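Per the working numbering, the sequence shown starts with residue 952, numbered consecutively. What follows is a single structure, written as structure tokens, with notes after it.
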Amino acid sequence: MQFADRLKNVETSAIRELFKLLGKPGIISFAGGFPDPALFDAEGIAQAAAAVLKDTPGPVLQYGATEGYGPLREQLSGFMANKGVKVAPEGLIVTTGSQQALDLIGKTMISPGDKVIVEAPTFLATIQCFRLYGADLIGAPIDADGVQVDVLERLIEEHKPKLVYLIPTFGNPSGATLSLERRKRILEIAARTRTLIVEDDPYCELYFGKPPPPSMLALSGEVPGSRDWLAHCGSMSKILSPGLRVGWLIAPPALLANATMCKQFSDAHTSNLTQATAAHYLTLNRLDGALAAVRKVYAERARVMAESLQRELGDAIGFNPPQGGMFFWARLNGGRDAAEFAQRAIEQLVAFVPGAPFYAAEPDRSTLRLSFATADLAKIEEGIARLGRAL
Ligand SMILES: Cc1ncc(COP(=O)(O)O)c(C=O)c1O
């Protein structure tokens, strides 16, 4: 069969190959990117789903508006207001997960050969998605405070990219959080150079200690002209449940209108049943309690992972303990190759993801990602001890 030329730009992810090995009995996996299902507020979601089916069966089982289910857009407007973002319900669209928001941005903004700057490393699915639209991806280096702004500014001036894609808070895979000062500087650069910044923000609620800095969208009010150059993707996946497939996109009106048009041709609209369920859930006053529980569990798992890594791998590995999110990003010292380490780790019945695929260009082959979200404390200690034996 003759497939479309655009498929030549992408390959099946290296991670997918690794995941085939995860079925081995007894394996402890830090490889996944899923939240812990034991922490889903299934009772609250069941209550919300039952209520909307009983009270509004017609609208929730019917076709709906491409822009999103009205009551959810209103709830999300309020949800964002609590995070310092002024957005009317009409200023956002609901998407089928934030993954779809990223796809719609790719579809509406990227022509073959367009330059796009992403963090090095960044979310693998975004690399693949933007490549499918023919993007020429350029990596901007990061450190513990997120993307290095001086380098980013230079890259923007040199390449004049179509857009810059950032995960400023508890990045996947980096775990890094962009400092307040850098957020503001990037907004200034965006306004001055008229460069679209895409802020992907699914992890901001998963903080362990103090909350992270406000989103760039929240800060855009302080930087004149910057909001015109900012798109923001939000998601219920790490807050409530990824299976609901509810995300949202806030963007300048022309971009939002084009994204809505493309969504119409793609899936017509996101499931009304899950949108209505999410909207009703947000009225139940359960979210704060559920999130507090998730933060506590993840914080403890991250603490134990940091201690175990230090104890079992010592000087062989370097990392900055994350302050939230679901991931440790680590680097093997002495030029060791993380993919070879991953193979030895599988033999010791422990899995993680080597870091190379998360780079759009010039991978650092000593890096790796460990998720602490789904393993309990005993498994984390045992799994990291196995990693120590695989060194
Ligand atoms: C950085 C980032 N963006 C977007 C997504 C997509 O999430 P969803 O489509 O479930 O909202 C993920 C999922 O892991 C992610 O890590």
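For every residue, glycine included, the Cβ atom is placed at its ideal position computed from N, Cα and C. Fair warning: this is a prediction, and the values are worked out from it, not measured in the lab.
Just to confirm the assignment, what range does the beta strand (DSSP E) spanning residue i have?
i, result
"His1231", "Not the beta strand (DSSP E): His1231 falls in the alpha helix (DSSP H), residues 1223-1233."
"Ile1148", "1147-1151"
"Leu1117", "1114-1117"
Going by DSSP, what residues sit across from residue i in a beta bridge?
i, result
"Lys1066", "Asp1087"
"Trp1199", "Val1045, Gly1185"
"Pro1092", "Ala1071"
"Gly1097", "Asp1094"
On the DSSP letters alone, give me the boundaries of the alpha helix (DSSP H) that residue i sits inside.
i, result
"Thr1046", "Element bounds for Thr1046: not the alpha helix (DSSP H) but the beta strand (DSSP E), 1043-1046."
"Ile1107", "1100-1110"
"Leu1191", "Element bounds for Leu1191: n/a, residue is neither H nor E."
"Leu1157", "Taken as a continuous stretch (DSSP letters only), Leu1157 belongs to no alpha helix (DSSP H), as it is neither H nor E."
"Glu1132", "1131-1144"
"Lys1344", "In the structure displayed, the chain extends from 952 to 1342; residue 1344 sits before or after that span and is not available."
"Ala1032", "1021-1032"
"Ala1169", "1167-1170"
Relative to the alpha-carbon of residue i, which residue among the options has its alpha-carbon at the smallest distance?
i, options, result
"Leu1147", "Leu1114, Ala1127, Thr1128", "Leu1114"
"Met1167", "Gly1160, Ala1293, Trp1180", "Trp1180"
"Glu1248", "Ala1000, Phe1309, Ala1326, Ala1227", "Note on identity: in this sequence residue 1248 is Val, with Glu being the wrong assignment. Closest option to Val1248, Cα to Cα, is Ala1326."
"Gln1226", "Asp1218, Gly1021, Val961", "Gly1021"
"Ala955", "Tyr1084, Leu1043, Cys1184, Thr1144", "Tyr1084"
"Ile1297", "Ala982, Arg957, Lys959, Met952", "Ala982"
"Lys959", "Cys1080, Ala1052, Val1069, Asn1033", "Cys1080"
"Leu1206", "Ile1190, His1183, Ile979, Phe1216", "His1183"
"Pro988", "Ala1052, Thr1234, Val1245, Leu1055", "Val1245"
"Arg1133", "Phe1323, Asn1123, Arg1082, Asp1094", "Asp1094"
"Ala1091", "Ala1076, Gly1064, Pro1119", "Pro1119"
"Ile1268", "Ala1257, Ala1281, Ser1259", "Ala1281"
"Val1149", "Ala1052, Tyr1232, Ala1243", "Ala1052"
"Phe1216", "Lys1058, Glu1025, Glu1333, Ser1259", "Lys1058"
"Ile978", "Gly1035, Lys1330, Leu1023, Val1098", "Lys1330"
"Phe1349", "Arg1320, Gln1299, Ala1302, Leu1300", "Since the first residue shown for the chain is 952 and the last is 1342, residue 1349 is missing from the structure and cannot be characterised."
"Leu1300", "Ala1241, Lys975, Gly995", "Lys975"
"Ala1312", "Pro1008, Gln1013, Gly1015, Lys1066", "Lys1066"
"Leu1238", "Ala993, Glu1109, Thr1007", "Ala993"
"Ala1202", "Lys971, Ile1044, Ser980", "Ile1044"
"Ala1302", "Gly1334, Pro1010, Asn1123, Arg967", "Gly1334"
"Ile1140", "Glu1173, Ala1002, Pro1165, Glu1104", "Glu1104"
"Leu1338", "Glu1263, Phe1279, Arg1196", "Glu1263"
"Trp980", "Ala1341, Leu1328, Ser1322", "In the sequence as displayed, the identity of residue 980 is Ser instead of Trp. Measuring from the Cα of Ser980, the nearest candidate turns out to be Ser1322."
"Pro1272", "Leu1283, Met1256, Arg1287", "Met1256"
"Leu967", "Gln953, Met952, Gly984", "Looking at the sequence shown, residue 967 is not Leu but Arg. Nearest of Gln953, Met952, Gly984 to Arg967, Cα basis: Gly984."
"Gly1172", "Glu1109, Lys1037, Pro1153", "Lys1037"
"Pro1072", "Arg1340, Pro1305, Leu1342", "Pro1305"
"Met1212", "Gly1176, Lys1005, Gln953, Glu1018", "Glu1018"
"Glu1109", "Ile1068, Ser1125, Gly1122, Thr1077", "Ile1068"
"Gln1274", "Val1011, Tyr1154, Gly1160", "Gly1160"
"Val1392", "Ala1250, Arg1082, Met1187", "This structure does not reach residue 1392, given that the chain is present from 952 up to 1342, and the question cannot be answered."
"Ser1186", "Pro1175, Pro1204, Leu1023, Lys1005", "Leu1023"
"Ala1039", "Leu1200, Gly1009, Cys1155, Ser1317", "Leu1200"
"Gly1097", "Leu1088, Leu973, Ile1089, Gly1126", "Gly1126"
"Ala1229", "Lys971, Leu969, Ala1000, Arg957", "Ala1000"
"Asp1151", "Val1174, Pro1063, Lys1189, Val1003", "Lys1189"
"Leu990", "Ala1219, Glu1025, Gly1240", "Gly1240"
Using beta carbons (cut-off 9 Å, strictly below), is residue i in contact with chain B?
i, result
"Leu958", "The structure shown contains no chain B; it holds only a single protein chain."
Using the beta carbon as the reference atom, which residues fall closer than 6 Å to any heavy atom of ligand 3, ordered along the chain? The ligand content of the structure shown is limited to ligand 1, which means ligand 3 is not among them.
If we require 4 or more residues per run, which alpha helix (DSSP H) segments fall completely within the stretch 953-1008? 965-970, 993-1006
Whole runs of the beta strand (DSSP E) within the stretch 1263-1340, excluding any shorter than 3 residues: 1268-1270, 1278-1283, 1318-1322
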